[in-house]
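Novice: Here my numbering is used: the first residue of the sequence shown is 16, the next is one more, and so on.
Sharing a structure, written as structure tokens. Questions coming.
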Amino acid sequence: MFEPQHNGLYFGTTEIETARTHAKREPFKTALATLATLQPADNIGAAIAAGFRYRFTGDDAAAARARDLLINHSVGLNLPADGSLSYLDACAVTMAVGQAFELVRDMLPDDAKRGWLALYNEQLETLRAVDSDLSLLEEIWRTAMKLAGGVVLERSDVFVLGVEDFRHIVRTHIHPEGYLPLIVENQPGNALEMQVFAAKGLVLGAEAATHAGSDLWSYESRGISAKTAAIYAAAYYEYPDTWKWDEPPTPEVTEALYQQNAGFFEMLNRKLDPVVLDATMDKLRPVFDPYGGGLTTLSHGVPKRRGLFGFLGG
16 MFEPQHNGLY FGTTEIETAR THAKREPFKT ALATLATLQP ADNIGAAIAA
66 GFRYRFTGDD AAAARARDLL INHSVGLNLP ADGSLSYLDA CAVTMAVGQA
116 FELVRDMLPD DAKRGWLALY NEQLETLRAV DSDLSLLEEI WRTAMKLAGG
166 VVLERSDVFV LGVEDFRHIV RTHIHPEGYL PLIVENQPGN ALEMQVFAAK
216 GLVLGAEAAT HAGSDLWSYE SRGISAKTAA IYAAAYYEYP DTWKWDEPPT
266 PEVTEALYQQ NAGFFEMLNR KLDPVVLDAT MDKLRPVFDP YGGGLTTLSH
316 GVPKRRGLFG FLGG
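Following this line, the structure appears as structure tokens:
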């Protein structure tokens, strides 16, 4: 089933209402305060932050800023032609700008929307055509890009191919413990980083697909799912010294890795019952990851439980 929604690639009206209903409770209270002052360093981050302000606070001026970046400056649609951007980064940029567009899609004039979508389709097709010598990590992100791009373009053909690729990856490449052998084995010192990036791509793909009518979060093979790989990646934030695939990274490297890529942890945490990552997320929040969904503490946070008399939990 393909039923694209157009609130954002990774959330719908339910998530928006949850954030608004619990705006005075954590983690939403701090996330909204962060959103009000957020000043990302790059234009994609700026467009996504503005889009979040529009979606979650109704700020039309913020939508206009995002629209200007997307339409007048072609942010994210002017990838360098000299090959200086890696394939993995090109997929991540294409997904991120797709999220920026979805956040303000309903605020774009029809002619501007058509022009932008034509350019986006061209970029997506160029990246989809790259098919030789891709690593598993690149295949994961290309798959996520197909799922996201299918939603943005309302192209069921691209989306369905993404669903098929996603299921193949889950069936074939995730070990029952959660690691991806082709990604973590025999790596020269960056195996944890690659596991985190792989989990991030899988989670973004699953979340985008689920909001478009295909629940890839629930897809399992031999009891293995995208959650299996994501939980494995998340666990090493708390226990980096137990990483066994190569030399464990230093605490500083580990902290920076997770701080920069924690957006998908909020998505994962929201899918777990109980939400076992809340203690970890409290150390990382508020999370703004423009290449991992945006301010996901706001879009995917879980309201803190109140204490016995309603005084605890924000």
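Positions of the beta carbon are idealized from the N, C-alpha and C atoms, including for glycine.
All figures in this text were calculated on a predicted structure; none of them were measured in a lab.
Could you tell me whether the Cβ atoms of A61 and L85 are closer together than 8 Å?
Specialist: For A61 and L85, no; Cβs fall outside 8 Å.
Novice: If G238 sits next to M16, beta carbons under 8 Å apart, how far is it from one beta carbon to the other, in whole angstroms?
Specialist: The Cβ separation is near 24 Å, so there is no contact.
Novice: Give the secondary structure of S240 by DSSP, where H, G and I count as helix, E and B as strand, and everything else as coil.
Specialist: Here S240 sits in coil by DSSP.
Novice: My guess is that A391 and A224 are in contact by the Cβ rule of under 8 Å, so how many angstroms apart are they, rounded?
Specialist: In the structure as shown, the chain begins at 16 and stops at 329. Residue 391 is therefore absent and cannot be evaluated.
Novice: For my contact list, V290 and V317 are in at a C-beta cut-off of 8 Å; report their separation, rounded to the angstrom.
Specialist: That belief holds up - the Cβ atoms of V290 and V317 are roughly 5 Å apart, short of 8 Å.
Novice: Who are the Cβ neighbours of T312 in its own chain at under 7 Å, not counting the five residues just before and after it?
Specialist: Contacts found: P42, A46, E281, R300, P301, V302.
Novice: Under the assumption that T158 contacts G220 (Cβ atoms under 8 Å), give the Cβ distance between them as a whole number of angstroms.
Specialist: So it is a contact: roughly 6 Å between Cβ atoms.
Novice: Nearest by alpha-carbon distance to Y194: which of I246, E179, F67 is it?
Specialist: Out of I246, E179, F67, I246 has the C-alpha closest to the C-alpha of Y194.
Novice: Rank V167, A163, E235 by C-alpha distance to the C-alpha of R186 and give the top, closest one.
Specialist: Closest by alpha carbon: E235.
Novice: Is DSSP giving D148 helix, strand or coil here?
Specialist: D148 falls in the coil class under three-state DSSP.
Novice: Return the CA-CA distance between G216 and P196, expressed in angstroms with no decimal places.
Specialist: Looking at the two C-alpha atoms, the distance is approximately 16 Å.
Novice: How many angstroms separate the CA atom of A334 from the CA atom of T265?
Specialist: Outside the displayed span of the chain (16 to 329) sits residue 334, for which this structure offers no information.
Novice: Indicate the three-state DSSP secondary structure (helix, strand or coil) for F26 in the structure shown.
Specialist: Here F26 sits in strand by DSSP.
Novice: Using C-beta distances below 6 Å, list every residue in its chain close to P305, excluding the 5 sequence neighbours before and after it, in chain order.
Specialist: Counting only Cβ-Cβ distances below 6 Å, and skipping sequence neighbours, we find I59, G60, I63, A111.
Novice: Relative to the C-alpha of I198, which residue among W260, Q138, V173 is closest?
Specialist: The shortest Cα separation from I198 among W260, Q138, V173 belongs to W260.
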